[in-house]
Amino acid sequence: MARRCTIGLEIEIIAQPHHRTSTSNPQTYVTHYRDELVTALRSQGLQAAAWRQGLPRKNPSQYDKWWLTWDGSLFNGPPASGAVPFEAVSPIMDSRYGWETQVDGFWRAYNTIFQEPNSDRRCGSHVHLKLPNGFSLSQLKKIACGIAFHKDEITKMLPPERRGNTYCKQNWDRSAYLNRRTMNQALNLINSANNVQDLIWYMQGEVVDQQRYVLWNFQNITGNSGTIEFRGGRCLRGRHRTKWWIAFAVGFMFFCLENNASNMQNHYTTKRLYREIKIMAQQLGMAHLPDSWQELNETPRWQINERGVANIVPSGPTSKHDVVEGLVFGIDADAEERLDVFEGVKRGFYQQVEVMVDFVPIGDQAKTIFAAQDLEAGELGGTGSASEGGDRGQQSGSAQGGGNPRGPDLLEMEGASVRGPAPLTRGKPESTEKFVQISAVTYLSEKYCKDGQMRDEYKARMGAATGDARRLGVSKQFIDIILEAIGDPPPQIEAPGGRVGEGDAREAPRSGPRRRPPKLPPKSGKGTSSRLSSSKEPGSGDGQQGSWWARVADYYSGKN
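Residue 560 is where the sequence shown ends in UniProt numbering, and the numbering goes up by one at each step.
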């Protein structure tokens, strides 16, 4: 079998133009920028066209060029928001040559019209694959068996916002044909398929309107395109990530074709399977995958960078931890603007990014509003925020600094249906069922991302911040990891209720009557009056710390 395939790429983007047009018509506004991008693509020597009213949204007749179209899953905001949502569909590319040129040219053209895309969980990327002569039933069975057999390891390699996503559920989870059977029974069922349509039903179920919303979509096999579609790619922000996920999809497909999962006795570890996928991609001339699967899905770690301050960067195979915990609190738009100033965004010290966090309220024994009130009053012994100082001016050490989330804002967040934070096991949660994913904002630096030593003046404030963070629910295990990473021994930190050091957080002192627990906050987008912010420093931030606990499940830094 020739190691060669064709590739089709779909990139979902919510873009912000460098220069905003004055039109007040939303449809005209978006059309204007799609046309601008078409012109920029043609200037790169690439064929391109944009959707017009009356044309099909996508059609194989358009796959000889870059096709800029719309996607119903993307929010088409009014012109005032500046958002330009669109889907870019690549021409059919060859895995042996030319595809990198197409990817590089697209992003060069994009960058002339738009700012770097913001990370947005509404956006994903899809990679369509097809063998030169199409897929035989035997080949499809090998790929399907590999998808089923390696499902858990592949899930770990996905970006957090794509795991269990409505639009790309694991085939095993979507199909009752598979998930009601043992693994051996499922593999036998796949191999018993008499035709392609039976195999599609086995892999995706029979609910037609939801059938294609799986991680590996076989539905196009019987259509005009004849492709297998990998739908698990992240929101792409540049050429490097784009090449990563193309190489990943191609590498895994050929790995499955040459390593029949039906004959495997034992599962590979995630590390070994990723290594095999990477080797396969290299043998195919697609040596673009990063060194580890943690880098591929951008699993985060906490860092002191070369400027001597806190940061969030991708973890790697030698990282001691691959989880970041912090506090999430509500702020208004004015406070968000002040935070941008304090964090030195315009000066290039940090950038604001939207992230998905695994969110947990402190729990029944330490209600948010009471913990915040007690911290403000000094009853928990904390000093409030530990601002980054030196670059943004001196901030108040109390919990009443600028951007203080008002009590009513916190009280409206009631009825959380998740449990309190669990102890870390080797730096990871025991079960993701303990968490609910929400969108939040944090600050990190892609410019200053080399490991460094903490500034002396930063240490005292970090000590106060970690103390407050522990009292508000951040795990002792994570705080110990941070303090060990900066070379300081873990201090004796008093947990809520006066207990020192060990164990889970106990009941926090309360001022006032017991009130209902906070609700989970609604997802907030840019331009709204209420935001969520997750701090890169345990307990840091501008103003009062809302007593929310979170693990950073995803973030956006490193190569584009």
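Quick reminder that beta carbons are idealized off the backbone N, C-alpha and C, glycines included.
message: Just to confirm the assignment, what range does the alpha helix (DSSP H) spanning E100 have?
response: Boundaries of the alpha helix (DSSP H) harbouring E100: 99-113, taken from the DSSP string.
message: If you reduce the DSSP assignment to three classes, tell me which class G285 lands in.
response: For G285, the three-state secondary structure derived from DSSP is coil.
- prompt: Would DSSP call L55 helix, strand or coil?
  reply: In the structure shown, L55 sits in coil (DSSP, three-state: anything other than H, G, I, E or B).
message: Buried or exposed for Y97, going by 16 or more other Cβ atoms inside 10 Å?
response: It is exposed - the Cβ of Y97 has fewer than 16 other Cβ atoms within 10 Å.
- prompt: Straight-line CA distance for T6 to Q44?
  reply: Between T6 and Q44, the C-alpha separation is close to 22 Å.
message: Give me the residue from M253, L289, T166, D340 with the minimum Cα distance to Q139.
response: Relative to the Cα of Q139, the nearest Cα in the group M253, L289, T166, D340 belongs to M253.
- request: Please report the residue range of the beta strand (DSSP E) in which H126 lies.
  value: Taken as a continuous stretch (DSSP letters only), the beta strand (DSSP E) holding H126 covers 125-130.
task: Compare the beta carbon distance of S119 and C235 with 8 Å and say whether it is the shorter of the two.
output: Yes. Within cutoff.
message: Contact defined as beta carbons within less than 8 Å: I believe N171 pairs with A193. What is the distance between those atoms, to the nearest angstrom?
response: Contact between N171 and A193 does not hold, since their C-beta atoms are separated by about 14 Å, which reaches or exceeds 8 Å.
query: Grouping DSSP H, G and I as helix and E and B as strand, with all else coil, what is G407?
result: Here the model assigns G407 a pLDDT of 31, short of 50, so the residue's position is not dependable, and the following value carries that caveat. Three-state result, G407: helix.
With 16 other Cβ atoms within 10 Å as the buried cut-off, status of Q492: Confidence in Q492 is poor, its pLDDT being 47 and thus under 50, which makes the residue's placement unreliable; the coordinate value appears in the next sentence. By the neighbour-count rule (16 or more Cβ atoms within 10 Å), Q492 is not buried but exposed.
query: T299 by DSSP, collapsed to three states: which one?
result: In this structure, T299 counts as coil in the three-state DSSP scheme.
- prompt: In this structure, does DSSP put D120 in helix, strand or coil?
  reply: Of the three classes helix, strand and coil, the one that applies to D120 here is coil, per DSSP.
- request: Note down the Cα distance separating A108 from R42, rounded to an integer number of angstroms.
  value: A quick correction: the sequence has Arg, not Ala, at residue 108. Just so you know, the alpha carbons of R108 and R42 end up roughly 11 Å apart.
Cβ-based burial, P117 [other Cβ within 10 Å; buried from 16]: Of the residues assessed, P117 falls on the buried side of the cut-off, its CB having 16 or more other CB atoms within 10 angstroms.
- prompt: Is the stretch 301-308 touching the stretch 441-458, taking contact as three or more C-beta pairs under 8 Å?
  reply: Counting C-beta pairs closer than 8 Å gives three or more between the stretch 301-308 and the stretch 441-458, which meets the contact rule.
- prompt: Do N217 and R231 have their C-beta atoms within less than 8 Å of each other?
  reply: R231 is positioned such that its CB atom lies closer than 8 Å to that of N217.
query: Counting Cβ pairs, one atom from each stretch, are 3 or more of them under 8 Å apart for the stretch 143-158 and the stretch 262-273?
result: These segments touch.
task: Leaving aside the five residues before and after K65 along the sequence, list all residues of the same chain whose C-beta is less than 8 Å from its C-beta, in chain order.
output: Counting only Cβ-Cβ distances below 8 Å, and skipping sequence neighbours, we find L46, Q47, A48, A49, P91.
message: Under DSSP, the beta strand (DSSP E) around L68 begins and ends at which residues?
response: 66-69 is the span of the beta strand (DSSP E), which, as asked, contains L68.
- prompt: Relative to the C-alpha of A144, which residue among P132, I113, L158, N188 is closest?
  reply: Looking at the Cα atoms, N188 is the closest of the given residues.
- request: Ignore the nearest five residues each way along the sequence and tell me which others in I164's own chain have a CB closer than 7 Å to its CB.
  value: Rather than Ile, the amino acid found at residue 164 in this sequence is Gly. Cβ within range, chain order: n/a, list empty.
message: When you compare the CB positions of W245 and G233, do they come within less than 8 Å of one another, or not?
response: Taking 8 Å as the Cβ cut-off, W245 and G233 qualify as a contacting pair.
Reference N59; option with closest CA among V441, G8, H288, V324: Between N59 and the set V441, G8, H288, V324, the nearest pair of CA atoms involves G8.
message: I need the boundaries of the beta strand (DSSP E) containing G233, first residue and last residue.
response: Run containing G233: 228-233, per the beta strand (DSSP E) assignment.
query: R461: which of I13, W70, L483, F86 sits nearest, CA to CA?
result: Answer by Cα proximity: L483.
query: Identify the residues that DSSP records as bridge partners of D334: which are they?
result: The partner list for D334 (beta bridge, DSSP) is empty, contrary to what the question assumes.
- request: Look up L520 in the DSSP assignment and say whether it is helix, strand or coil.
  value: Reliability fails at L520, whose pLDDT of 38 lies under 50, so the model's placement of it is uncertain and no value is given.
- prompt: Using the C-alpha atoms, what's the distance from E10 back to G344?
  reply: One C-alpha to the other measures close to 35 Å.
- prompt: Smallest Cα separation from N311: which of Y448, E457, W70?
  reply: For N311, the nearest C-alpha among the options comes from Y448.
message: Taking 8 Å as the limit between beta carbons, can you name the residues of its chain near M286, skipping five residues before and five after?
response: Within the same chain, and ignoring the five residues on either side of M286 in sequence, the residues whose Cβ sits closer than 8 Å to its Cβ are S95, K243, I246, A247, V250, G251.
- request: Return the first residue and the last residue of the beta strand (DSSP E) that A88 is part of.
  value: Start and end: 84-89.
- request: From the DSSP output, in three-state form, read off R426 for me.
  value: Any answer about R426 is weak, because its pLDDT of 29 lies below 50 and its placement is not dependable; what the coordinates show is given next. Three-state result, R426: coil.
message: I'd like to check one pair, E446 with residue 561: are the Cβ atoms closer than 8 Å?
response: Residue 561 falls outside the range modelled here, since the chain spans only 1 to 560, and no answer is possible.
field: Length of the line joining the Cα atoms of F114 and K141
entry: Going by the C-alpha atoms only, they are around 42 Å apart.
field: Closest Cα partner of E298 within the set R237, L339, I277, V360
entry: The residue with the shortest Cα to Cα distance from E298 is R237.
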